[in-house]
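In my numbering, the protein residues as written are -4 to 417. Notes for the one structure printed next.
As structure tokens, then:
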């Protein structure tokens, strides 16, 4: 059976056929509820394996006798794995249909999580964690493409739904990992339980993967037909602006996740209250994560939205520097608003590409560059905090990163497409 040609509508009124990366024929079921359920189940897995480990890091360090260097690698590994494996995803999608790639990715996530709790070696633990994170990285890249492909007129709504689901999964894993470990008497159980969630995410994609396999390989182009030019976001201004915006917003988010509780403790809060304030940032961000991509899809220019988010982060940083104790709840609320730049940029990936191929290429480049930048956040904030013994200089560093984020945001705010900049 020959897959049908995908037609991508041009906003200027024309339509151009393109060979998308996924030839799977769609039906009302596979193109609707089943795909949406699959997207949401993948999304709930994209942070659970990381936040669950973060909650049990002390127990893992003790149980595996990890050195400080290896423990540091454990916390830095997610961003590095996302950058490396994310960059490889477009090659996989050019060779295999996206549902088949997602099945393999979720199986890798499940197997990696199970294997890492069976070892007593720190190095083997890292290797198996990298396998699990590789599965997450592929999911990170593919979800914007799948939203673009299956829900082209609902990009904001579906992106908001899966962003919110991702946040809920991260919060639930962080909250439940320790109680599960205590119930079963081992940190290994607290980590292994999330493999079941990854296996559940496989189920909706199996019938879609079978359908894609029955469709057969993509037909080779005719001998006299030129190959379509490869989309290379790294050669475009838009691609680099997307990478910088994604990277600097993630840098700030990772730094906040890693150090905000310590900042509040230094300001005089008890450890439990400092943790609750950090949790409030995540909790307040859940409804905003649903709203932000929808707003992005309705606005012609994103400049007002990007400037509003940057202003919220600016006020939060200044407040944390000047009055971290007295205004703690306000700063937490402003951080929740400002950090909704993450679901925003996920939606923008789909809005700045005309085709599914362009979306996956832009997604891979944006997230690979972005996570390399993001890996520096907690590390540099920790170095500056240790060197100065206070928060003025670390917050100054975050303000500088925010300035870069805002400048990059002004570039991606204007309607444009990565395919047009080749």
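The beta-carbon is built from N, C-alpha and C at its ideal position, and this holds for glycine as well. Quantities reported herein were computed from a predicted structural model and do not represent experimental measurements.
- About 27 Å separates the beta carbon of residue 248 from that of residue 144, a gap too long to meet the 8 Å contact definition.
- If the five residues before and after residue 304 are omitted, its C-beta is found closer than 6 Å to the C-beta atoms of 333, 336, all from its own chain and listed in chain order.
- Here residue 231 carries a coil assignment [DSSP, helix/strand/coil].
- Residue range 150 to 179 is occupied by the alpha helix (DSSP H) that includes residue 157.
- The closest CA to that of residue 390, considering only 159, 77, 362, 317, is found on 317.
- When the Cα atoms are used, residue 327 and residue 411 turn out to be separated by approximately 34 Å.
- Residue environment for residue 320: exposed (fewer than 16 other C-beta atoms within 10 angstroms of its C-beta).
- A residue is called buried when at least 16 other Cβ atoms come within 10 angstroms of its Cβ; residue 299 does not meet this threshold and is exposed.
- Around the Cβ of residue 324, a 10 Å sphere holds fewer than 16 other Cβ atoms; the residue is exposed.
- In the structure shown, the three-state DSSP call for residue 205 is helix.
- Here residue 373 has 249, 250, 253 as same chain residues with Cβ atoms under 6 Å from its own Cβ, once five neighbours each way along the sequence are excluded.
- Annotated three-state conformation of residue 198 is coil, per DSSP.
- Here the alpha carbons of residue 406 and residue 301 stand approximately 11 Å from one another.
- Three or more pairs of CB atoms, one per stretch, sit closer than 8 Å, so the segment 103 to 111 contacts the segment 182 to 194.
- Between residue 164 and residue 42 the beta-carbon gap is near 6 Å, inside 8 Å, which marks them as a contact.
- When C-alpha distances from residue 132 are compared across 77, 159, 120, 150, the shortest belongs to 77.
- Check the Cα spacing between residue 312 and each of 259, 404, 192: the tightest is with 259.
- With contacts defined by Cβ atoms closer than 7 Å, residue 44 and residue 199 do not form a contacting pair.
- Contact check for residue 291 against residue 85 fails: the beta carbons are separated by 7 Å or more.
- Judged by DSSP in its simplified three-state form, residue 390 adopts helix.
- Taking a C-beta distance under 7 Å as the contact criterion, residue 101 and residue 201 do not qualify as a contact pair.
- Between residue 151 and residue 288, the C-beta spacing is below 7 Å.
- Look at residue 334 here: in three-state DSSP terms it is coil, with no helix or strand label.
- Within the segment 221 to 299, the runs of alpha helix (DSSP H) that reach at least 4 residues and sit entirely inside it are, in chain order, 232 to 261, 266 to 293.
- Apart from sequence neighbours up to five positions away, the residues of its chain that approach residue 120 with a beta-carbon distance below 7 Å are 59, 111, 114, ordered along the chain.
- For residue 189 against residue 168, the beta-carbon gap comes to about 6 Å, under 8 Å, which counts as contact.
- Taking every protein chain shown into account, the CB of residue 147 has fewer than 16 other CB atoms within 10 angstroms, so this residue is exposed.
- When the beta-carbon positions are compared, residue 354 and residue 140 come within less than 7 Å of each other.
- Residue 188 carries a coil assignment under DSSP once its states are collapsed to helix, strand and coil.
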